[in-house]
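Engineer: Sharing a structure with you now.
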Amino acid sequence: MTAERGPDSSSLPVSTLTCVSCGKKNRIRPSAHGAPHCGSCGGALPWLVEASDATFDVEASAAVGVLVDLWAPWCGPCRFVSPVLEQLSREFAGRLKVVKVNVDDNPKTQSRFQASSIPTLVVLRDGRVVDRIVGALPKPDLTVRLTPHLLRR
Ligand SMILES: [Zn+2]
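Under the working numbering, think of the first position of the sequence shown as 36, with each following residue one higher.
Written as structure tokens, this is what we have:
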């Protein structure tokens, strides 16, 4: 990774993140530094984005813990996990980035993480896989698995 210049920011994907405190919608591009804050009230934003094979690397490159959700629309357990991840992104705002990848449309990312069964959740820290959860876990169990990887440094 080169330090001197990131990719042209205008070419980066934009996600709309809604502030929990004031409700403002913020348009946020991926960043490998820090975590996004609301342009209106300054609160930490829940960081949940959708990535494709093309945008995965830039979205997964973050200073906070990254939870990759490999899912598909036809998968029942994925629909169970999805709202849990939304809640976690709010509760761990500023410490967690959730990156959702629809494996039907993005087979490269699916095979990269060998996600033959979904949902597969992969926890990344500094680009390294630090945990891997296959199948739908209830929120308390998922929180316990995730928390050690979200400590501030
Ligand atoms: Zn706000």
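Backbone N, C-alpha and C define an ideal beta-carbon position, used for all residues, glycine too.
Values in this document were obtained by computation on a predicted structure and should not be read as measured data.
Distance check for Cys113 and Leu181, CA to CA, integer angstroms please.
Structural biologist: Sequence index remark: in the sequence shown, residue 181 carries index 146 (1-based). Sequence index remark: in the sequence shown, residue 113 carries index 78 (1-based). Cα to Cα, the separation comes out at about 18 Å.
Engineer: I need the boundaries of the beta strand (DSSP E) containing Thr155, first residue and last residue.
Structural biologist: If you number the sequence shown from 1, residue 155 lands on position 120. Residues 155 to 160.
Engineer: Would a C-beta distance cut-off of 8 Å place Asp104 and Pro154 closer than the cut-off?
Structural biologist: As a position in the sequence shown, residue 104 is number 69, starting the count at 1. As a position in the sequence shown, residue 154 is number 119, starting the count at 1. Cβ atoms of Asp104 and Pro154: closer than 8 Å.
Engineer: Just checking, does the region 43 to 53 make contact with the region 81 to 97 on the three C-beta pairs under 8 Å criterion?
Structural biologist: The answer is yes - the region 81 to 97 touches the region 43 to 53, with three or more Cβ pairs under 8 Å.
Engineer: Near Gly191, what residues of its chain come up, given a Cβ to Cβ distance below 6 Å and the 5 sequence neighbours on each side ignored?
Structural biologist: Since the displayed the chain opens at 36 and closes at 188, residue 191 lies outside it and no answer follows.
Engineer: Given that a residue counts as buried once 16 or more other Cβ atoms are within 10 Å of its Cβ, and exposed if not, what is Gln189?
Structural biologist: Only positions 36 to 188 of the chain appear in this structure, which leaves residue 189 out of reach.
Engineer: Assuming Asp133 and Ser124 are in contact, meaning their beta carbons sit under 8 Å apart, how far apart are those beta carbons, in whole angstroms?
Structural biologist: Counted from its first residue, the sequence shown places residue 133 at position 98. Counted from its first residue, the sequence shown places residue 124 at position 89. Correcting the residue type first, residue 133 is Val in the shown sequence and not Asp. Their Cβ separation, rounded to whole angstroms, is 5 Å, which keeps Val133 and Ser124 in contact under 8 Å.
Engineer: Residues near ligand 1, CB to any non-hydrogen atom under 5 Å, in chain order?
Structural biologist: Any residue whose Cβ sits closer than 5 Å to a heavy atom of ligand 1 makes the list: Cys54, Ser56, Cys57, Lys59, Cys73, Ser75, Cys76, Gly78.
Engineer: Arg62 lies in the alpha helix (DSSP H); which residues open and close that run?
Structural biologist: Your numbering for residue 62 matches position 27 in the sequence shown. Here Arg62 belongs to no alpha helix (DSSP H); instead the beta strand (DSSP E) covers 60 to 63.
Engineer: Are Val119 and Leu177 touching if we call contact CB-CB under 8 Å?
Structural biologist: Here residue 119 refers to the residue found at position 84 when the sequence shown is read from its first residue. Here residue 177 refers to the residue found at position 142 when the sequence shown is read from its first residue. It is a contact, given that the beta carbons lie within the stated cut-off.
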